[in-house]
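For the sequence shown, UniProt numbering assigns the number 1 to the initial residue and increments by one for each residue that follows.
Even for Gly, the Cβ is constructed at its ideal location relative to N, Cα and C.
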Amino acid sequence: MSLITFVNLNGEHDFGGENSAHWREAHAYLAMLTRKYRIAAIARQELTHSRANGKRLLFAAGHALGMTGYIAASSTRESPNAPGIFVNEQLLRVVADYPQETGWWHPACQIKTVRAGTEASPELNLASYHLCSNDAEWRRREALMMVKWGKNEQRPKDPDDRFGERVQTTYPCLWFGDQNSYSGDEADRATLPDWDVVTDLPFRANRTTADGRHDTGPWDVMTRAGFTDLALHAHKHLGQELQGTASLIRTDQGNPDGIRRPRIDFGWGNGYIPETLEGVEIITKPIGSWTDHGMGLFHFRMNDFWDAVAATASPR
Numbered sequence: 001m002s003l004i005t006f007v008n009l010n011g012e013h014d015f016g017g018e019n020s021a022h023w024r025e026a027h028a029y030l031a032m033l034t035r036k037y038r039i040a041a042i043a044r045q046e047l048t049h050s051r052a053n054g055k056r057l058l059f060a061a062g063h064a065l066g067m068t069g070y071i072a073a074s075s076t077r078e079s080p081n082a083p084g085i086f087v088n089e090q091l092l093r094v095v096a097d098y099p100q101e102t103g104w105w106h107p108a109c110q111i112k113t114v115r116a117g118t119e120a121s122p123e124l125n126l127a128s129y130h131l132c133s134n135d136a137e138w139r140r141r142e143a144l145m146m147v148k149w150g151k152n153e154q155r156p157k158d159p160d161d162r163f164g165e166r167v168q169t170t171y172p173c174l175w176f177g178d179q180n181s182y183s184g185d186e187a188d189r190a191t192l193p194d195w196d197v198v199t200d201l202p203f204r205a206n207r208t209t210a211d212g213r214h215d216t217g218p219w220d221v222m223t224r225a226g227f228t229d230l231a232l233h234a235h236k237h238l239g240q241e242l243q244g245t246a247s248l249i250r251t252d253q254g255n256p257d258g259i260r261r262p263r264i265d266f267g268w269g270n271g272y273i274p275e276t277l278e279g280v281e282i283i284t285k286p287i288g289s290w291t292d293h294g295m296g297l298f299h300f301r302m303n304d305f306w307d308a309v310a311a312t313a314s315p316r
């Protein structure tokens, strides 16, 4: 059975940037993974240094991975940690790049792709995002902007009869990112930070709602809008253990023993796409030597995946 894999990774501050040993080691490891798996795209967050000097580091990463890099159109001046996507052009063909700017702390990188080697393939909305680190309401607003990308639309069944019978369509979406917030599912409750042992008090303020609860706002928005938390789907339907992605290094943010790791990095799919998921891997070693986030590998059954994209986009 052929699999197609999508990767998500927040590489803290671009692994240190140009001339950093961590950057070289991380990209050598990622390049090894591209030889081991059929990786269609790598969603990255914190491409901090990849816009400077004519995007020199973005192109260097693309060369190291054998992929083409895309980076968000702009960066917040106070936190220039842009998201981006590296695309394997043997598996995906990019047909559009939609810059995001207004209302974001870190503008998302959103591209539209089709299956490589096809002319009539339905489009897949592919995004890498990094929600606001300091404000629960801001994160919720960013999530509300994102779910519009996968909106349902109605259009005339007969293009020449705009007032006749109408059909419904959904835009197929696959998104990966750092939400700086938590899952609202009961299965994740035991791994949420224990605020009684958190000594980083600004962190507690940033990750809670106005009434002091763990912030699950973006997760709530996504699920209400019909998107599926892919790792949770693998847990509930494929019997896989949920694995945390945060606090690989910090012990003052509710993980004093190095074990209580919440999920803050997510993959989302809509329509029929989640049904084609074969499994999710969370890698923390050797990744933890270069960044403070676990890396997610999302494996799909390739032919079923593209059939699901087509079925999601089909009028009904």
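Asked                                                                                                    : Found
Contact belief for Ala234 with Gln240 at Cβ below 8 Å, rounded distance in angstroms                     : 4 Å
Inter-residue spacing [alpha-carbon to alpha-carbon] between Lys55 and Gln110                            : 18 Å
For Thr251, the first and last residue of its enclosing beta strand (DSSP E)                             : Thr251 -> no beta strand (DSSP E), and no H or E assigned at all.
Span of the alpha helix (DSSP H) around Lys285                                                           : Premise fails: Lys285 is in no alpha helix (DSSP H) and is neither H nor E.
Buried/exposed call for Lys112, threshold 16 Cβ in 10 Å                                                  : buried
Residue environment, residue 335, which counts as buried when at least 16 other CB atoms sit within 10 Å : Within the shown structure, residues of the chain are numbered from 1 to 316, placing residue 335 beyond reach of any answer.
Member of Asn10, Ala21, Ala41, Ile283 whose CA lies at the smallest distance from the CA of Leu126       : Ala41
Contact set for Gly184: own chain, Cβ-Cβ below 7 Å, skip 5 residues either direction                     : Thr216, Trp219, Asp220
Local conformation of Pro99 per DSSP, three classes                                                      : strand
Gly69 to His214 span [Cα, whole Å]                                                                       : 34 Å
Nearest neighbour of Asp292, chosen from Trp195, Ala26, Leu91, Pro202 [CA to CA]                         : Ala26
Sequence-distant residues of its chain with Cβ nearer than 6 Å to Gln179 (five each side left out)       : Leu131, Pro218, Ile264, Phe266
Buried or exposed by the 16-neighbour rule on C-beta atoms within 10 Å, applied to residue 317           : Past the boundaries of the shown model lies residue 317; the chain is included only from 1 to 316, so the question cannot be answered.
Within 9 Å, strictly: CB atoms of Ala136 and Asn206                                                      : yes
Sequence ranges, beta strand (DSSP E) only - wholly within the region 22-79, length at least 3           : 39-45, 68-71
Boundaries (first-last residue) of the alpha helix (DSSP H) holding Arg204                               : 201-206
Contact the region 247-256 vs the region 146-163: 3+ CB pairs below 8 Å                                  : no
Buried versus exposed, by CB contacts within 10 Å (16 or more), Pro159                                   : exposed
Nearest-angstrom Cα separation, counted from Arg93 out to Arg44                                          : 18 Å
Burial state of Ala96 (16 or more Cβ within 10 Å)                                                        : exposed
C-beta atoms of Pro193 and Pro262 nearer than 9 Å                                                        : yes
CB contact check: Ala190 to chain D, cutoff 9 Å                                                          : Absence of chain D from the displayed structure is noted, only one protein chain being present.
Distance between Thr199 and Leu124 (C-alpha atoms, nearest Å)                                            : 42 Å
CB-CB length for Phe305 against Ile4, believed under 8 Å                                                 : 6 Å
Start and end residues, alpha helix (DSSP H) containing Asp14                                            : Note, Asp14: premise wrong, no alpha helix (DSSP H); not H, not E.
C-beta atoms of Ala47 and Leu57 nearer than 9 Å                                                          : Checking the sequence, you will find Leu at residue 47 rather than Ala. In contact: Leu47 and Leu57 (Cβ atoms closer than 9 Å).
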